[in-house]
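Note that the working numbering gives residue 263 to position 249 of the sequence shown, counting from 1, and the numbers run on in steps of one.
For reference, the structure is listed below as structure tokens.
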Amino acid sequence: MASLTEKYRPKTLDSIRGNDKAIGTFLEWASNWLPNSPAVVLHGNPGVGKTSAAHALASDLGWDAIELNASDQRTAKIINQIAKNAASTGTISGGNQGRKLIILDEADNLHGTYDRGGSAALTKLIKESSQPIVLIANDYYNMSRGLRNACDSIRFNDLSSRSILPVLRHICEQEEFSFESGALELISERNSGDLRGAINDLQAAVSLDGHVYCENIVTSSRNKEENIFEFLNNLFKKLTPKEAIYSSYDVNETPDNLLSWVDENVPNDFDSSELARAYEHLSRAETWLTRTRLTQNYSYWRYARDVMIAGVAASRKPSKTNGWTRYGPPRYWQRLGASRSSRALRDSVAESISTASGTSIGTSRIEILPLIKTMVKNCKNRILTVHIAAAYELDIDTLSYLTGSGKKTKKIKDILEEATVLRQASNLMEKSPLPKPFSPPDSHPIEEPELPPEDPRSQSDLSNFI
Numbered sequence: 015m016a017s018l019t020e021k022y023r024p025k026t027l028d029s030i031r032g033n034d035k036a037i038g039t040f041l042e043w044a045s046n047w048l049p050n051s052p053a054v055v056l057h058g059n060p061g062v063g064k065t066s067a068a069h070a071l072a073s074d075l076g077w078d079a080i081e082l083n084a085s086d087q088r089t090a091k092i093i094n095q096i097a098k099n100a101a102s103t104g105t106i107s108g109g110n111q112g113r114k115l116i117i118l119d120e121a122d123n124l125h126g127t128y129d130r131g132g133s134a135a136l137t138k139l140i141k142e143s144s145q146p147i148v149l150i151a152n153d154y155y156n157m158s159r160g161l162r163n164a165c166d167s168i169r170f171n172d173l174s175s176r177s178i179l180p181v182l183r184h185i186c187e188q189e190e191f192s193f194e195s196g197a198l199e200l201i202s203e204r205n206s207g208d209l210r211g212a213i214n215d216l217q218a219a220v221s222l223d224g225h226v227y228c229e230n231i232v233t234s235s236r237n238k239e240e241n242i243f244e245f246l247n248n249l250f251k252k253l254t255p256k257e258a259i260y261s262s263y264d265v266n267e268t269p270d271n272l273l274s275w276v277d278e279n280v281p282n283d284f285d286s287s288e289l290a291r292a293y294e295h296l297s298r299a300e301t302w303l304t305r306t307r308l309t310q311n312y313s314y315w316r317y318a319r320d321v322m323i324a325g326v327a328a329s330r331k332p333s334k335t336n337g338w339t340r341y342g343p344p345r346y347w348q349r350l351g352a353s354r355s356s357r358a359l360r361d362s363v364a365e366s367i368s369t370a371s372g373t374s375i376g377t378s379r380i381e382i383l384p385l386i387k388t389m390v391k392n393c394k395n396r397i398l399t400v401h402i403a404a405a406y407e408l409d410i411d412t413l414s415y416l417t418g419s420g421k422k423t424k425k426i427k428d429i430l431e432e433a434t435v436l437r438q439a440s441n442l443m444e445k446s447p448l449p450k451p452f453s454p455p456d457s458h459p460i461e462e463p464e465l466p467p468e469d470p471r472s473q474s475d476l477s478n479f480i
């Protein structure tokens, strides 16, 4: 049997179920699009119709669609060769004003070995494009900041079971499937807004006689990974402690990362009294995480997760509103990213100190490095700075980090030159052979001194005094 998801993929925007507001905004963006206008990002959970909407839009407007998905190697070179060519030329047949709709699926996965440089190249392409570009993403905040800023965004919400059920009934009518009472309702409810998943489950549940039995639906059900932003929204607003714990099992985050997410975003929804109770539970969870790190016993993780999630849910007042809240990734991670180059220089200097002094890198970084930085701060002690640069073989970047002086300053360059000369002289001395011991010429023999006269008392005489 052919794939039902492809066979019944919507061909027009009118045939897409749910997300009427998002579809209207998408059509308005396309109708008003002009060269060098922003691209658009369609984001939301898998299976809600984002990619189908992009292809349906191209079909409705008579535009050619060119799709570049994650199965391609989306490096900067590939994007420049394929997408840029499409963005700068018209169609052969002319189409609607000769336009092509460039669709890049899974834009939130635009990173890694295969996609190296792709995000930066795409950001540049969007700013220079003379053709409309649509990006598809499941996790909007997993895209680079530069890419997000270059695009408008349209969110596709999960479909309700009431929107999924008519689609399943239509497919059963067209394929002449019979179904047990309540079977389609069960499939709709089990897929939590994922229409594509519901259609796949329907196809998997059909028996050889063309009937859909409820017992087959249980075996064909799939685990659904929950988006971290949806989980936070549910945790802070409506889930009971027990429901929150079970829901957390579907979030693809380790307990320590999950704690960072909760800690960062809980102030957005909780008032002061709720926060006081929530942070008390988060501190208890951190105790379990610390115990995990110290003992390397990861069975403690479950205690950290349960205390954290159930505690936060229990700290919430019952009368919590269900309005929309903007959540973001932990700022601590952003600070780590911003300081990555500085930490790399620090570790490089610590490694040089470790090699020269015979200490561990950790000891060099924690105990020795701060003292050296204090001694050579701003290169005030020039001679000492030259000797340290020579001893630890520092380059211009590491010396600038250690002293706090700019890399392009004349002072840093002069110190490096002197350190290089000093190091070369030291290496030359180490390689030179040792001088031969001094020996006087034979013509001037050294006269041995006269020994004092021997004590007339013999050993036998001394024995008389013992």
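Yeah, the Cβ is synthetic: ideal placement off N, Cα and C, and Gly gets one too.
Between I410 and S419, the gap from beta carbon to beta carbon reaches 7 Å or more. Per the coordinates, the alpha-carbon of L216 lies some 13 Å from the alpha-carbon of Y22.
Pairing P269 with A218 gives a Cβ-Cβ distance that is not under 7 Å. Per the DSSP secondary-structure output, A151 pairs in a beta bridge with H57. Excluding the 5 residues flanking it on each side, N282 has same chain C-beta neighbours closer than 7 Å at T339, Y341, in chain order. When only Cα atoms are considered, K256 and A324 end up about 7 Å apart. Rounded to whole angstroms, the separation of the alpha carbons of Y406 and R437 is 10 Å. The beta carbon of W315 sits closer than 7 Å to the beta carbons of P269, T306 from its chain, once the five residues preceding and following it are set aside; these are given in chain order. By the criterion of a C-beta distance shorter than 7 Å, A44 is surrounded in its chain by L71, L75, P146, once the five residues flanking it on both sides are discounted. Per DSSP, L118 is one residue of the beta strand (DSSP E) stretching across 114-118.
Burial check for R357: the Cβ neighbour count within 10 Å stays below 16, so the residue is exposed.
Counting the other Cβ atoms within 10 Å of the Cβ of Y415 gives 16 or more, which makes it buried. DSSP places E257 in the uninterrupted alpha helix (DSSP H) bounded by 255-262. When DSSP states are grouped into helix, strand and coil, L48 belongs to the coil group. The distance from the Cβ of I382 to that of I402 is about 11 Å, inconsistent with a contact at the 8 Å cut-off.
If you compare the alpha carbons of V435, S174, A292 with that of A328, the shortest gap goes to A292. Residues S175, I178, L179, L182, A212 of the same chain have their beta carbon placed closer than 7 Å to that of S202, with the five preceding and five following residues left out of the count. In this structure, F193 lies near V226, with their beta-carbon atoms less than 7 Å apart. Following the DSSP letters along the chain, one finds E81 inside the beta strand (DSSP E) bounded by residues 78-82. Collapsing the DSSP output to three states places V400 in a helix. Under the DSSP assignment, C165 falls in the beta strand (DSSP E) whose first and last residues are 165-169. A151 is positioned such that its CB atom lies no closer than 7 Å to that of L115. A straight line joining the alpha-carbon of R162 with that of G196 spans about 43 Å.
By the Cβ-count criterion, D166 is exposed, with fewer than 16 other Cβ atoms from all chains shown falling within 10 Å of its own Cβ. Annotation: the segment 293-377 contains the following complete segments of the alpha helix (DSSP H) (minimum length 4 residues), in chain order: 315-329, 345-352, 354-371. Under the three-state reduction of DSSP, V62 is assigned to coil, being neither helix nor strand. No residue range can be given for S29, since it is assigned to no alpha helix (DSSP H) and is classified by DSSP as neither H nor E.
The DSSP-derived three-state label of S192 is strand. The residue from N248, K141, T39, E142 with its alpha-carbon nearest to that of N279 is N248.
Under the DSSP assignment, I213 falls in the alpha helix (DSSP H) whose first and last residues are 209-219. E432 places its beta carbon less than 7 Å from that of V400. The alpha-carbon separation between R204 and L198 amounts to approximately 10 Å. By the CB criterion at 7 Å, D285 and G61 fall outside the cutoff.
Looking at the DSSP output, H69 shares a beta bridge with no other residue. Annotated three-state conformation of V390 is coil, per DSSP.
I140 counts as buried, since at least 16 other C-beta atoms from the protein chains shown sit within 10 angstroms of its C-beta.
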